[in-house]
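Everything below concerns the one structure shown next.
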Amino acid sequence: MHREDISPCKSWTSTEYIIGVTVLTFVLLYLVNLERTTEAWVTDLQHCKLQLPIMALRSAVCRLLVNPQRCAIISASRSQGSAAPAQKDAEKASEKKAKAPKVQFNWRDGLELEGQLTEEEIMIRDSFRDYCQDKLMPRILMANRNEVFHRDIVSEMGELGVLGPTIKGYGCAGTSYVAYGLIAREVERVDSGYRSVMSVQSSLVMHPIYAYGTEEQKEKWLPRLARGEILGCFGLTEPNHGSDPGGMETRAKFNPSSHTFTLTGSKTWITNSPVADIAVVWAKCDDGKVRGFILERGMKGFTTPKIEGKFSLRASATGMIIMDEVEVPEENLLPKVSGLGGPFGCLNNARYGIAWGSLGAAEFCFHAARQYTLDRIQFGVPLARNQLMQKKMADMLTEITIGLQACLQLGRLIDAKKAAPEMISMLKRNSCGKSLDIARQARDMLGGNGISDEYHIIRHVMNLEAVNTYEGTHDIHALILGRAITGLQSFTVNN
Amino acid sequence: MSRVLVGVKRVIDYAVKIRVKPDHSGVVTDGVKHSMNPFCEIAVEEAVKLKEKKLIKEVVAVSCGPTQVTETIRTALAMGCDRGIHVEVSGKDYEAMGPLQISKIFAALAKKEEASLIILGKQAIDDDCNQTGQMTAALLDWPQGTFASEVTIDGEKVKVVREIDGGLETIKISMPAVLTADLRLNTPRYATLPNIMKAKKKKIANMKPADLGVDMVSRVEVLRVDEPPTRLAGVKVETVDDLVAKLRANGTI
């Protein structure tokens with residue numbers, strides 16, 4: 001295609017002009033097509049490298065159209081001429097990284113979360129991830145299948161210092177909320193039931209004692225809870241009062257003569273209760289205000305029957321708390337809070353951990369579905385070759401990546417004491433809803449194998465049903481946000 | 001009461017699939033996950049265990065390399081070491097660095113820090129040399145207990161059970177000594193949260209090989225790095241005669 005034999009501005013006849021342009025156009029189209037087919041076969045990296053010769057061709061075409069003069073044609077033909085061998089070179093050089101863009105997309109970490117964490121947070125996450133993959137993953141299949149709760153994991157986690165990690169002092173690590181989130185994500189990557197156990201112990205038992213308890217109570221309970229020596233549970237939900245805890249029927253009557261409270265009532269859906277050593281129970285006092293009490297195993301009238309027939313969070317023990325006139329000494333009252341603000345403060349703490357955690361479960365499902373579809377061959381190609389599969393994975397990647405960025409920002413705000421409860425509601429709702437959807441899609445991608453617990457995804461699907469529901473259902477958080485948006489509450493039919 | 005030096009090497013993580021650079025000068029390390037050499041983890045665990053038994057007073061974690069090796073030193077600190085030393089080596093010196101240079105550095109440090117024990121991993125999973133411990137002992141003229149699967153300190157002596165080809169060999173050597181850790185010596189602990197946070201406050205001293213009087217010139221030159229040859233498909237034969245004929249044909253017999 002080189003026309004160096006022609007001097008730069010020799011004049012052409014109009015016929016030669018038309019023929020020249022036509023020939024040029026066909027050649028250009030042919031080469032551009034070549035680019036397209038080649039692109040279809042090369043990897044992402046190489047795709048970027050081939051842009052350069054394409055751009056050279058495009059600029060040639062532009063010059064041709066904008067400046068249809070004979071000089072332009074010749075310069076276009078020259079550039080096109082040099083583009084052809086350059087394109088071949090680019091194909092040969094596609095193995096070398098000579099013209100690669102510096103940043104390569106990492107599907108495991110779509111928006112470089114890694115670079116936003118401190119060295120300490122990375123070390124905490126990595127150390128705990130190793131523990132979860134080495135020690136928890138091997139147990140979960142049978143624990144879930146046979147509905148067995150391994151009490152040992154609480155002691156093991158206590159040894160690692162991950163229980164009540166944000167508490168300062170009393171044998172706790174005193175780390176950032178972001179680190180707490182990362183911990184929750186790693187444990188839920190294995191199982192949501194295990195993460196529930198950790199959340200209850202850290203946010204729903206240790207946190208209220210730390211935030212609302214006396215110094216004696218903190219000294220008495222926190223170090224043992226931190227070590228996992230004793231296990232706690234949180235009693236707020238009742239059989240007739242789930243989303244409206246304010247209507248609770250459990251009563252605490254004060255007895256001035258003996259300085260005790262008599263608690264009567266029942267709580268249900270209490271994680272850990274069948275095997276818990278203590279229970280932080282919320283009851284309405286004589287003045288109509290809700291207060292927190294620490295009940296200890298062995299108190300007369302305090303029983304914790306197990307709830308049977310659960311198809312979700314099977315690796316964690318769930319039960320009721322039945323209180324039949326339980327005498328609780330007044331030293332066990334949490335004095336620094338009254339009203340629903342107490343339990344809600346704890347719930348917000350736990351909800352934040354759940355926002356991170358459920359994305360860990362979603363990540364597991366996404367990675368597992370990806371690997372499965374890469375390995376499984378149908379109609380002679382891996383399942384991952386199919387557009388429907390890729391679309392599903394693209395959606396999963398996007399939601400997980402964006403969700404994690406939001407959780408990171410929320411964690412940083414909480415650490416700076418600049419977070420509002422509605423922020424936590426927003427992210428708990430988003431993470432749980434999206435993760436449940438991701439798990440279901442992943443289950444579908446595995447086909448028949450997706451219903452086998454050997455592939456783990458179905459277990460996450462079952463678990464995330466509960467995770468989406470507890471600590472405030474998807475809809476309840478919507479109402480919390482709706483009230484913040486409009487100023488109008490829509491929880492009750494009355495004004 | 002004594003001081004122990006523990007060597008920790010930053011290597012490509014064992015789970016990563018290694019790729020050879022296109023120019024065959026080495027393996028791809030950019031953007032690849034790195035972590036502490038598993039045998040070094042075992043060495044750190046042993047040193048920390050000895051400190052917990054109050055048989056030694058201080059554990060110092062040492063690593064040689066560019067700034068990134070401080071991550072590895074921090075992990076050692078999070079596992080229980082008291083302080084760290086980062087010997088800065090970068091660029092061409094780092095690429096050419098091998099057991100000889102490391103053992104010279106350790107020998108110099110051992111004298112400087114007045115260490116009574118040096119515990120290293122038996123080998124690194126990237127070069128598989130299994131030389132640094134032995135060279136260090138030779139340079140210091142110290143006894144060595146290599147491939148240790150059990151270490152007991154008995155006054156001024158160390159009893160080492162070594163894993164050798166024939167089974168287990170028990171030796172008793174006097175301190176100061178060099179030990180290299182083998183797989184079954186112990187199970188390294190997970191760094192706990194409180195320890196990771198305490199590690200932030202522990203000191204990592206910075207120095208250059210020249211400060212220790214060590215020259216980093218390498219006597220070894222890497223000519224070429226290749227992947228292992230791809231495994232060829234097997235060939236099935238019908239009879240023994242065919243087998244013999246084929247073996248004769250390709251020169252095996």
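These protein sequence lines map, in sequence, to chains A and B. Residues 1 to 495 (full-length UniProt numbering) are what the first sequence spells out, left to right. Residues 1 to 253 (full-length UniProt numbering) are what the second sequence spells out, left to right. All residues carry an ideal CB built from backbone N, CA and C; glycine is no exception. None of these values were measured; they are calculated from a predicted model.
Taking the alpha helix (DSSP H) that residue i belongs to, which residues open and close that run?
{"i": "residue 553 (chain A)", "result": "With chain A covering 1 to 495 only, the question about residue 553 (chain A) has no answer from this structure."}
{"i": "Cys-40 (chain B)", "result": "38 to 52"}
{"i": "Val-200 (chain A)", "result": "Unbroken run through Val-200 (chain A): none, as it is neither H nor E."}
{"i": "Pro-343 (chain A)", "result": "341 to 375"}
{"i": "Ser-152 (chain A)", "result": "This sequence places Asp at residue 152 (chain A); Ser is not what is there. Segment 152 to 160, the alpha helix (DSSP H) holding Asp-152 (chain A)."}
{"i": "residue 511 (chain A)", "result": "No information on residue 511 (chain A) is available, as it lies outside the stretch 1 to 495 that chain A covers here."}
{"i": "residue 514 (chain A)", "result": "The structure shown does not extend to residue 514 (chain A), since chain A spans only 1 to 495, so no value can be given for it."}
{"i": "Met-216 (chain B)", "result": "Looking at the DSSP string, Met-216 (chain B) is not in any alpha helix (DSSP H), and its letter there is neither H nor E."}
{"i": "Thr-136 (chain B)", "result": "132 to 140"}
{"i": "Tyr-180 (chain A)", "result": "177 to 190"}
{"i": "Val-461 (chain A)", "result": "457 to 469"}
{"i": "Thr-492 (chain A)", "result": "Run containing Thr-492 (chain A): none; DSSP gives neither H nor E here."}
Are residue i and residue j touching if we call contact CB-CB under 8 Å?
{"i": "Asn-463 (chain A)", "j": "Gly-288 (chain A)", "result": "no"}
{"i": "Ile-42 (chain B)", "j": "Asn-195 (chain B)", "result": "no"}
{"i": "Met-97 (chain B)", "j": "Cys-129 (chain B)", "result": "no"}
{"i": "Gly-133 (chain B)", "j": "Gln-144 (chain B)", "result": "yes"}
{"i": "Val-6 (chain B)", "j": "Val-60 (chain B)", "result": "yes"}
{"i": "Lys-267 (chain A)", "j": "Thr-303 (chain A)", "result": "no"}
{"i": "Glu-227 (chain B)", "j": "Val-20 (chain B)", "result": "yes"}
{"i": "Cys-346 (chain A)", "j": "Ser-203 (chain A)", "result": "yes"}
{"i": "Ile-105 (chain B)", "j": "Pro-209 (chain B)", "result": "yes"}
{"i": "Leu-263 (chain A)", "j": "Phe-293 (chain A)", "result": "yes"}
{"i": "Asn-348 (chain A)", "j": "Ile-424 (chain A)", "result": "yes"}
{"i": "Lys-253 (chain A)", "j": "Pro-274 (chain A)", "result": "no"}
{"i": "Leu-313 (chain A)", "j": "Ala-211 (chain A)", "result": "no"}
{"i": "Asp-453 (chain A)", "j": "Asn-146 (chain A)", "result": "no"}
{"i": "Arg-189 (chain B)", "j": "Glu-46 (chain B)", "result": "no"}
{"i": "Leu-295 (chain A)", "j": "Pro-208 (chain A)", "result": "no"}
{"i": "Cys-132 (chain A)", "j": "Val-187 (chain A)", "result": "yes"}
{"i": "Ala-191 (chain B)", "j": "Val-11 (chain B)", "result": "no"}
{"i": "Ile-85 (chain B)", "j": "Ala-205 (chain B)", "result": "yes"}
{"i": "Thr-318 (chain A)", "j": "Ile-270 (chain A)", "result": "yes"}
Quickly, what does DSSP pair residue i with across the bridge? List them, please.
{"i": "Lys-289 (chain A)", "result": "Answer by DSSP bridge pairing: none, since Lys-289 (chain A) is not bridged."}
{"i": "Arg-162 (chain B)", "result": "B:Ala-148 and B:Glu-169"}
{"i": "Leu-120 (chain B)", "result": "B:Thr-180"}
{"i": "Asn-255 (chain A)", "result": "A:Thr-260"}
{"i": "His-86 (chain B)", "result": "B:Ser-63 and B:Asn-206"}
{"i": "Gln-68 (chain B)", "result": "Gln-68 (chain B) pairs with nothing; no bridge assigned."}
{"i": "Thr-271 (chain A)", "result": "A:Thr-318"}
{"i": "Cys-233 (chain A)", "result": "A:Ala-279"}
{"i": "Thr-303 (chain A)", "result": "A:Ile-322"}
{"i": "Val-381 (chain A)", "result": "A:Gln-378"}
{"i": "Leu-334 (chain A)", "result": "A:Gly-292"}
{"i": "Ser-174 (chain B)", "result": "B:Lys-157"}
{"i": "Val-27 (chain B)", "result": "B:Val-20"}
Using a Cβ cut-off of 8 Å (strictly closer), state whether residue i contacts chain D.
{"i": "Tyr-212 (chain A)", "result": "Considering every chain present, this structure includes no chain D. Its protein chains are A and B."}
Tell me where the beta strand (DSSP E) around residue i begins and ends.
{"i": "Ala-61 (chain B)", "result": "58 to 65"}
{"i": "Val-235 (chain B)", "result": "Element bounds for Val-235 (chain B): n/a, residue is neither H nor E."}
{"i": "Met-323 (chain A)", "result": "318 to 329"}
{"i": "Val-11 (chain B)", "result": "10 to 12"}
{"i": "Val-6 (chain B)", "result": "3 to 7"}
Just by C-beta distance, which residues in the segment 70 to 88 of chain B are closer than 8 Å to chain A? If you check each beta-carbon in the segment 70 to 88 of chain B against every beta-carbon of chain A, the ones closer than 8 Å belong to Glu-71, Arg-74, Thr-75 and Ala-78.
When the Cβ atoms of the segment 277 to 288 of chain A are set against those of the segment 227 to 244 of chain A, are three or more pairs found closer than 8 Å? Counting C-beta pairs closer than 8 Å gives three or more between the segment 277 to 288 of chain A and the segment 227 to 244 of chain A, which meets the contact rule.
Residues within the segment 179 to 199 of chain B neighbouring chain A, beta-carbon criterion of under 8 Å: Taking 8 Å as the upper bound on Cβ-Cβ separation, chain A lies near residues Tyr-190, Ala-191, Thr-192, Leu-193, Pro-194, Asn-195, Ile-196, Met-197 and Ala-199 of the segment 179 to 199 of chain B.
If we count Cβ pairs, one from each stretch, closer than 8 Å, do we get three or more for the segment 144 to 151 of chain B versus the segment 84 to 91 of chain B? A contact is defined here as three or more CB-CB pairs under 8 Å, and the segment 144 to 151 of chain B fails this definition with respect to the segment 84 to 91 of chain B.
Could you say if the segment 341 to 361 of chain A and the segment 175 to 190 of chain A meet the contact criterion of at least three C-beta pairs nearer than 8 Å? Output reads yes: the segment 175 to 190 of chain A touches the segment 341 to 361 of chain A.
Are the segment 314 to 326 of chain A and the segment 387 to 407 of chain A touching, with three or more C-beta to C-beta distances below 8 Å? Because the criterion of three Cβ pairs below 8 Å is not met, the segment 314 to 326 of chain A and the segment 387 to 407 of chain A do not touch.
If you pair each beta-carbon of the segment 476 to 483 of chain A with each one of the segment 434 to 447 of chain A, do three or more pairs fall below 8 Å? Counting Cβ pairs under 8 Å, fewer than three are found: no touch.
Should the segment 122 to 131 of chain A be called in touch with the segment 188 to 202 of chain B, which here means at least 3 C-beta pairs below 8 Å? Yes, the segment 122 to 131 of chain A touches the segment 188 to 202 of chain B.
Which of the residues in the segment 158 to 181 of chain A, read from start to end, lie with their CB under 9 Å from any CB of chain B? Correct list: Glu-159, Leu-160, Gly-161, Val-162, Pro-165, Gly-171, Cys-172, Ala-173, Gly-174, Thr-175 and Ala-179.
Could you name the residues of the segment 116 to 147 of chain A whose beta carbon sits closer than 9 Å to any beta carbon of chain B, in the order they occur along the chain? Answer in chain order: Glu-119, Glu-120, Ile-122, Met-123, Ile-124, Asp-126, Ser-127, Phe-128, Asp-130, Tyr-131, Asp-134 and Lys-135.
Count the C-beta pairs between the segment 47 to 59 of chain B and the segment 17 to 31 of chain B that are closer than 8 Å, then say yes if the count reaches three, no if not. Flag = no, the segment 47 to 59 of chain B and the segment 17 to 31 of chain B do not touch.
contact_flag[the segment 399 to 413 of chain A, the segment 479 to 488 of chain A] where n(CB pairs < 8 Å) is 3 or more: Output reads no: the segment 479 to 488 of chain A does not touch the segment 399 to 413 of chain A.
Are there three or more Cβ pairs, one per stretch, closer than 8 Å when the segment 205 to 225 of chain A is compared with the segment 246 to 260 of chain A? Proximity of the segment 205 to 225 of chain A to the segment 246 to 260 of chain A falls short of the contact definition, fewer than three beta-carbon pairs being nearer than 8 Å.
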